[in-house]
Every structure is written in C-alpha cells, then in structure tokens.
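Numbering (the numbering used here), first residue to last: 1076 to 1218.
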C-alpha cells in the first residue's frame, strides 16, 4: 500500500506470501489477508483511511464488502476503473522492485523472497520513491 497524508512523509506498507506448492496452501492473498493489511495500515498510520484500489476480484468479495461496511467510520473505499494501472501507485512500486530483480540468479524461492523483501524495505526508507510513484498517477500530493 502506497500511503500518503498531507504534511507527513509517504509510507509503504506491504505483506508478502510465499507459495511453496504444499497441499491446502493458498496460492495468493485471500480477502482476509487484504483485511488484515488494511487494519495493520490503520494501526501504523494512526487514523482513518481512504483506500483507493483496483478491481482485483478479492477486493470485491462479500467478506471484504462486509468488512468495509462494518468499518465505515474509519474506512472509505474508492474503486479504480476496471483497467487502470496508470492510476495505481503500487504498479510503480512493483516496477521498481522488478527492475532490481531482473538479473537475480536465485537458487530457490527463499532467495527471491528475501530479495523482494530487501527491495521493499529500501523503498520504505525512501519516501521520495513512494512520492514519485504516487505523482506518476497524476494524483496531487498537495492534499
């Protein structure tokens, strides 16, 4: 999540799931994982959240809709148009991560995961990179 609040530094909040192909292991994030990430963001940011996200199927599940409705006092959600990667700052974040991984010759999945985490952590400490990804969407950073 690329997070912005006028007068404060931009933040990057993320979670990673590593899929190892085990029986009954989820391949990716479920709606509860997204819910937990939003709750974690609220705790870290210390206030209400206006969430702008794409139309990933999991964002539109009944469980997620119920969570949003139950937390309307601190959570406002806007959906991006059906296909609008140019409006999504996280696409820019992932482009930065993938650019650094292009020449990685990993020996196992753990090495890839560690490299992704390292790059995301570096971006967390560079709010100017997060600002750049937000600015690339055309969204105003002036509040």
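Glycine is no exception: its CB is placed at the ideal position from the N, C-alpha and C atoms.
Per-residue burial, residue 1160 [other beta carbons within 10 Å of its own, 16 or more giving buried]:
exposed
Compute the Euclidean distance between the alpha carbons of residue 1117 and residue 1176, then round it to the nearest angstrom.
30 angstroms
So what does DSSP say about residue 1131, is it helix, strand or coil?
coil
Taking Cβ to Cβ, would you say residue 1202 is nearer than 7 angstroms to residue 1084?
yes
Leaving out five residues on either side along the sequence, give the residues of the same chain with a beta carbon under 8 angstroms from the beta carbon of residue 1179.
1186, 1187 and 1190
Determine the burial state of residue 1087: buried for a count of at least 16 other Cβ atoms within 10 Å of its Cβ, exposed for fewer.
buried
Name the residue from 1136, 1110 and 1137 whose alpha carbon lies nearest to the alpha carbon of residue 1126.
1110
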